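S.K.:
Chains as they are written, first to last, in this note's numbering: chain A, 84 to 597; chain B, 2 to 311.
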C-alpha cells in the first residue's frame, strides 16, 4: 500500500508534525494514525469534495481575477495546551500594549516625552489622524479586533511577525475551515478534544455592543462593507449573518446632525456601532478621499462627536506600522511593566543612526519590508533575489530609510501538506484573532494557519496563492461533558405515533367498527 | 436585532423572488412547448417558436426561428434577465448582496444551481434540454421551499414572496394573452395548462381538457391553485398589507382592486372580458411594483453633500 508520507523529507526548518524523520510529535499521533492508511486517491477525492462544497457555498476568494474555492489543506495544524497558553497570553499582552500606545499617542503622548519612541514615528506616519486626537472612545477601546501574525522559527519558538489592528481579516475562514474539517474527518474530531471556534461572533457582538456610545439603551450594531466586489465580502457577510446584524454599504447610511442613520423599509433607523471593514481612507469622503463613493460622508464627524463608535477606531494604523512593530517589546515593558511573552523577529531600523549602514552591508542576508506594505507586497528576501533587484532595493532604502525595516530571515516552520498525491513540507504561519471588549482581551482558540503552497516559498498570503489549514487547539485533559439541558426531573416525552403501521385503511375502518 | 431591513436589501430580496420565479416559469413554458412539438409532427416549428417569443415579450426577428435559437436566447443567454440563465444569475447576484438577510441554505441553493447550470447546458446540446429544464424547476422549488422553511415570517420573507407573486401573475397573464390576442400561433390549452404546471390540478377539478373558458377561468380565478392569478394576487396583497402602514397604500391599492374584481367576476362573462382583463392585470402589477419601489427602496442617488455641516 502506498504511504502518503513515504517521500516526506524534512525541510531545513522546524517541522510541526515530525521531530525527526519518522518520529512524530505526540500531539500529532492520532492525526498521523488517521491519515496514514488513507490512499492518495481517497485523499484527493476528499479534497475535491471539499473544494466543491466551498464553491457551492460561495466560500471563495479572488485569485488572479478568478473566483476559486478556498484552499484548505486536509492536514490540520495542531497546538497543544501549553503552546496555546503561551500564544494566548502573548497575543493578549501585545494587544493591551498596543491599546495603551494608541491611547497615549492620541492623548498625553507620555511615551514620546519619555523617549521610549521617537516623535517622528508618530508625526511621519501616514496613518496618524488628527481627527482621532483627543477622542476618548467608549471603554477606552480602539482595538476591538486584532490579528497578530506569528511564525515559528528554526528553534521552534513562536515570534511575532506583524500586528494587524486596522481591519484584520481571515476569521471567517477559521470558522469555515473547522466546519469543513468536521465534515471530512468526523471520527478524528470525536477522538480529539479540540477547542471550538464557533464562539467568535458571540464575543465579537458582545464587544461591539459594549463599545456603543455611553447612554445608548439598546445599541444597534452594523457591519460596513465596501460591497460584493470586495475580496473579503464573504467574510463581511458571514460575520453580519452570524451576529444577526445588518450588513450595510456606504450608501445605506446617512449622517444628519452628527448622527448616523440607515435607510430601511420602515424609515431611517439610528446606528450606534459600525464594525467597518474598509480602510480609514475610504470611510468618509468628506475627510479622506473625495473620489471614493464606498464610504459615508459625515461618519467621521459623528464619531468625533461621540454619537457613533467605529470599530476598529480611525487612526489605528499608527500602531501596526511595521516600524512601530520594532518598538513593541519596549512598549510592553513601558506600559505594562511586563516582559514580552512573544519575541519579535530580529529587526533593524534603517532610519536610526548607524543602522542604515548595517542594513546595507548585509542586505543580501536580510528581508527588506516596506513599512506600509500589505498582503506580502513589496517584500524583498535578500538571499533569494538577483543582484539587480538587490541594487534597486538598496537605492530605495537609501532614498527613504523611514519607509523600510529589515529583518533576519526566519525559516518558517513547515507542516505536511498535500502536494499532488503525496505529503510534502510547506511553510506556514499563524494569525490568531483577539477580541477586546474593554475588560478582557479574548483570543479565539486557534486562528488562521496559512500555507505557502509552493515548495520553499515563504509568502503565505492567499492573495499570493497561499493555502490554509484548520488550526486545532487541544484542550488540557479530557473535555468536560456538556451539562444536561435541564437538571432535575426527567422530561416527560410522549410516545411517538407510528402511523397506521402499514395496515390498509380499509382494515382500520373495520377496526373502528368494533 | 434584525427588526428592520435595509431598503437595498428589500429590493434585492424582491428581485431574487422575481428572478427565481421567472426562471421557473420560463422553464415550464419551454418544457411544455418542446414536449408539444415532439408529439405533434404537423406543428410548424417557426410558428410555435414565434409564439414562445411573444409570450415572453421578446423580439423574434424576421428570419425563421428554430428550437435551438429559442433555447440559446430564452434559456442559455446569461446576459439577458429574460432568459433562464440570466434570471438565475441575477437572482444569485441579488441574493449575494443580501447574504445576511437570506438564509445560507437559500444562498447555497442559488449558488450551487448557478455552478451546476454549465454542465447541464453542455449536456443539453447532446441530449436535449429536458434535464436542464428539470434542474431549473427543481432548484426553483427548492429555493422557495427553503425560503418557507428557513426564513422567519418577517419583512424579509414578505419581500421574497411579494416578488414571486408579482412575477407569477405576470407570467400567467402572458401565457393567456398570447392565446387570446395572438391567435395564429397560439398555444393550445393543454400546452398552456402544462406550461403553468396546472394540468394535473385542472384535471382534478374539471376532468378532461377542451373547454376554453374553463381553462382561462382556472388559471385566473381558481382560489386554491397557487399559480392562478387570483391566488398570486391574494398572496401579494397579504404581503403588502403586512408590510405597509398607510391606509391609501399606492402599492396595495391596484392589487387589491384587481383581486376583488377577480373574486366577483362572472365567469360566464369572462371570455368577452378577457383581453381587457389581462391588460388590466398586467398594468396593476406594474403599478404596484413601481409603488413598492418608490416607497420601500427609494433611489439612492449620488452622495448628498449638502447634509454635511448641519
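Positions of the beta carbon are idealized from the N, C-alpha and C atoms, including for glycine.
This one's a predicted model, so the numbers in the text were calculated from it and none came from an experiment.
When you compare only the Cα positions, how much space is there between residue 318 of chain A and residue 495 of chain A?
M.R.: Walking along the first chain from the start, residue 318 of chain A turns up at place 235. Walking along the first chain from the start, residue 495 of chain A turns up at place 412. Between residue 318 of chain A and residue 495 of chain A, the C-alpha separation is close to 27 Å.
S.K.: Scan the segment 88 to 118 of chain A for residues whose Cβ lies nearer than 9 Å to a Cβ of chain B and list them as they occur along the chain.
M.R.: Residues: none.
S.K.: Skipping 5 residues on each side, what residues in its chain have a beta carbon closer than 7 Å to that of residue 388 of chain A?
M.R.: Along the first chain, read from residue 1 onward, the residue named residue 388 of chain A stands at position 305. If we look at residue 388 of chain A and ignore the five residues flanking it on each side, its Cβ neighbours are 341.
S.K.: Express the C-alpha separation of residue 423 of chain A and residue 484 of chain A in angstroms, rounding to a whole number.
M.R.: To locate residue 484 of chain A, count along the first chain from 1; it is residue 401. To locate residue 423 of chain A, count along the first chain from 1; it is residue 340. Those two C-alpha atoms are separated by around 27 Å.
S.K.: Please classify residue 467 of chain A as buried or exposed, where buried requires at least 16 neighbouring CB atoms within 10 angstroms.
M.R.: Within the first chain, the letter at position 384 stands for residue 467 of chain A. Per the 10 Å Cβ criterion, exposed.
S.K.: Does the beta-carbon of residue 1 of chain B have 16 or more other beta-carbons within 10 angstroms, so that it is buried, or is it exposed?
M.R.: The structure shown does not extend to residue 1 of chain B, since chain B spans only 2 to 311, so no value can be given for it.
S.K.: Inspect the beta-carbon positions of residue 512 of chain A and residue 159 of chain A and report whether they are closer than 8 Å.
M.R.: Taking the first chain and counting its residues from 1, the one referred to as residue 512 of chain A is at position 429. Taking the first chain and counting its residues from 1, the one referred to as residue 159 of chain A is at position 76. No, they are not a contact pair.
S.K.: Comparing alpha-carbon positions, which option in A:473, A:209, A:150, A:396 lies nearest residue 455 of chain A?
M.R.: The sequence position of residue 455 of chain A within the first chain is 372, counting from 1. Comparing Cα-Cα distances from residue 455 of chain A to each of A:473, A:209, A:150, A:396, the minimum goes to A:209.
S.K.: Excluding five sequence neighbours on each side, which residues of the same chain lie with their C-beta closer than 6 Å to the C-beta of residue 212 of chain A?
M.R.: Numbered from 1 along the first chain, position 129 holds the residue referred to as residue 212 of chain A. Excluding residues within five positions, the ones whose Cβ falls inside 6 Å are 397, 398.
S.K.: Please state the DSSP three-state secondary structure of residue 27 of chain B.
M.R.: Along the second chain, one-based indexing puts residue 27 of chain B at 26. Residue 27 of chain B: helix per DSSP, three-state reduction.
S.K.: Since residue 149 of chain A is in the beta strand (DSSP E), which residue starts that stretch and which ends it?
M.R.: Position 66 of the first chain, counted from the first residue, corresponds to residue 149 of chain A. Note, residue 149 of chain A: beta strand (DSSP E), 149 to 152.
S.K.: Return the residue from the list A:555, A:578, A:577 that minimises the CA-CA distance to residue 277 of chain A.
M.R.: Counting from one through the first chain, the residue named residue 277 of chain A turns up at place 194. For the residues A:555, A:578, A:577, the minimum Cα distance to residue 277 of chain A belongs to A:555.
S.K.: Could one say the Cβ of residue 144 of chain B lies closer than 8 Å to chain A's Cβ atoms, at least one of them?
M.R.: Taking the first residue of the second chain as position 1, residue 144 of chain B is located at position 143. It does not: the Cβ of residue 144 of chain B has no partner Cβ on chain A nearer than 8 Å.
S.K.: If we cut at 8 Å on Cβ distances, does residue 47 of chain B have a partner in chain A?
M.R.: Counting from 1 along the second chain, the entry for residue 47 of chain B is found at position 46. Output row for residue 47 of chain B: interface = no.
S.K.: Along the segment 344 to 356 of chain A, where does the CB come closer than 8 Å to a CB of chain B? Name the residues.
M.R.: 345, 346, 347, 348, 349, 352
S.K.: Taking 8 Å as the CB-CB limit, is residue 138 of chain A close to chain B?
M.R.: Here the question's residue 138 of chain A lines up with position 55 in the first chain. Judged by the 8 Å Cβ criterion, residue 138 of chain A is in contact with chain B.
S.K.: Kindly indicate which three-state DSSP category residue 436 of chain A falls into: helix, strand or coil?
M.R.: The residue labelled residue 436 of chain A in the question sits at position 353 within the first chain. Coil, per DSSP.
S.K.: Shortest alpha-carbon distance to residue 228 of chain A belongs to which of A:524, A:338, A:536?
M.R.: Stepping through the first chain from its first residue, residue 228 of chain A is reached at position 145. Selected option, being the one with the closest Cα: A:524.
S.K.: For residue 142 of chain A, count neighbouring C-beta atoms within 10 Å of its own C-beta (all shown protein chains included) and say buried if the count is 16 or more, exposed if not.
M.R.: By one-based count along the first chain, residue 142 of chain A stands at place 59. Result: buried.
S.K.: Chain B beta carbons: is any one of them nearer than 8 Å to that of residue 332 of chain A?
M.R.: In the first chain, counting from the first residue as 1, residue 332 of chain A sits at position 249. Judged by the 8 Å Cβ criterion, residue 332 of chain A is in contact with chain B.
S.K.: Would residue 448 of chain A be called buried (16 or more neighbouring beta carbons within 10 Å of its own) or exposed?
M.R.: Locating residue 448 of chain A in the first chain gives position 365, where the first residue counts as 1. Here residue 448 of chain A is exposed: its Cβ has fewer than 16 other Cβ atoms, across all protein chains shown, within 10 Å.
S.K.: What separation, rounded to the nearest whole angstrom, lies between the Cα atoms of residue 253 of chain A and residue 582 of chain A?
M.R.: Counting from 1 along the first chain, the entry for residue 253 of chain A is found at position 170. Counting from 1 along the first chain, the entry for residue 582 of chain A is found at position 499. Approximately 50 Å, taken between the alpha carbons.
S.K.: Beta strand (DSSP E) containing residue 519 of chain A: first to last residue?
M.R.: Working through the first chain from its first residue, we reach residue 519 of chain A at position 436. Element bounds for residue 519 of chain A: 516 to 519.
S.K.: How many angstroms separate the CA atom of residue 354 of chain A from the CA atom of residue 476 of chain A?
M.R.: To locate residue 354 of chain A, count along the first chain from 1; it is residue 271. To locate residue 476 of chain A, count along the first chain from 1; it is residue 393. CA-CA distance, residue 354 of chain A to residue 476 of chain A, rounds to 47 Å.
S.K.: State the Cα-Cα distance for the pair residue 493 of chain A and residue 77 of chain B, rounded to the nearest angstrom.
M.R.: Taking the first residue of the first chain as position 1, residue 493 of chain A is located at position 410. Taking the first residue of the second chain as position 1, residue 77 of chain B is located at position 76. Straight-line Cα distance between these residues: approximately 53 Å.
S.K.: Please go through the same chain and pick out, in chain order, the residues whose beta-carbon is closer than 8 Å to the beta-carbon of residue 391 of chain A, but skip the five residues on each side of it.
M.R.: Here residue 391 of chain A refers to the residue found at position 308 of the first chain. So the list reads 296, 342, 343, 354, 355, 356, 357, 382, 385, once near-sequence residues are dropped.
S.K.: Is the distance from the Cβ of residue 18 of chain B to the Cβ of residue 164 of chain B below 8 Å?
M.R.: Locating residue 18 of chain B in the second chain gives position 17, where the first residue counts as 1. Locating residue 164 of chain B in the second chain gives position 163, where the first residue counts as 1. Yes.
S.K.: How is the beta strand (DSSP E) around residue 336 of chain A delimited, first residue to last?
M.R.: Numbered from 1 along the first chain, position 253 holds the residue referred to as residue 336 of chain A. It spans 336 to 339 - the beta strand (DSSP E) in which residue 336 of chain A sits, taken as one unbroken run.
S.K.: Does the segment 237 to 252 of chain B come close enough to the segment 283 to 298 of chain B to have 3 or more Cβ pairs within less than 8 Å?
M.R.: yes
S.K.: Chain A partners of residue 97 of chain B, CB-CB under 9 Å?
M.R.: As a first step, residue 97 of chain B is located in the second chain; it is residue number 96 there, counting from the start. Correct list: 141, 311, 316, 320.
S.K.: In angstroms with no decimal places, state the Cα-to-Cα distance between residue 266 of chain B and residue 257 of chain B.
M.R.: The residue you call residue 266 of chain B lines up with position 265 of the second chain. The residue you call residue 257 of chain B lines up with position 256 of the second chain. So the two alpha carbons sit approximately 14 Å from each other.
S.K.: Measure from the C-beta of residue 308 of chain B to each C-beta in chain A and report whether the shortest distance is under 8 Å.
M.R.: In the second chain, the residue the question calls residue 308 of chain B occupies position 307. At residue 308 of chain B the pLDDT is 35, less than 50, meaning the model places this residue with poor confidence; the figure from the coordinates comes in the next sentence. It does: the Cβ of residue 308 of chain B has a partner Cβ on chain A nearer than 8 Å.
S.K.: Which same chain residues, not among the five before or five after residue 90 of chain A, have their C-beta less than 6 Å away from its C-beta?
M.R.: Taking the first residue of the first chain as position 1, residue 90 of chain A is located at position 7. So the qualifying residues of the chain are 505.
S.K.: Along the segment 113 to 124 of chain B, what residues have a CB closer than 7 Å to any CB found in chain A?
M.R.: Cβ contacts with chain A come from 113, 116.
S.K.: Could you check the C-alpha separation between residue 309 of chain A and residue 287 of chain A for me, to the nearest Å?
M.R.: Working through the first chain from its first residue, we reach residue 309 of chain A at position 226. Working through the first chain from its first residue, we reach residue 287 of chain A at position 204. Roughly 20 Å separates the two Cα atoms.
S.K.: Compute the distance between the beta-carbons of residue 170 of chain B and residue 282 of chain B, then report whether it is under 8 Å.
M.R.: Taking the second chain and counting its residues from 1, the one referred to as residue 170 of chain B is at position 169. Taking the second chain and counting its residues from 1, the one referred to as residue 282 of chain B is at position 281. Cβ distance < 8 Å, so residue 170 of chain B and residue 282 of chain B count as in contact.
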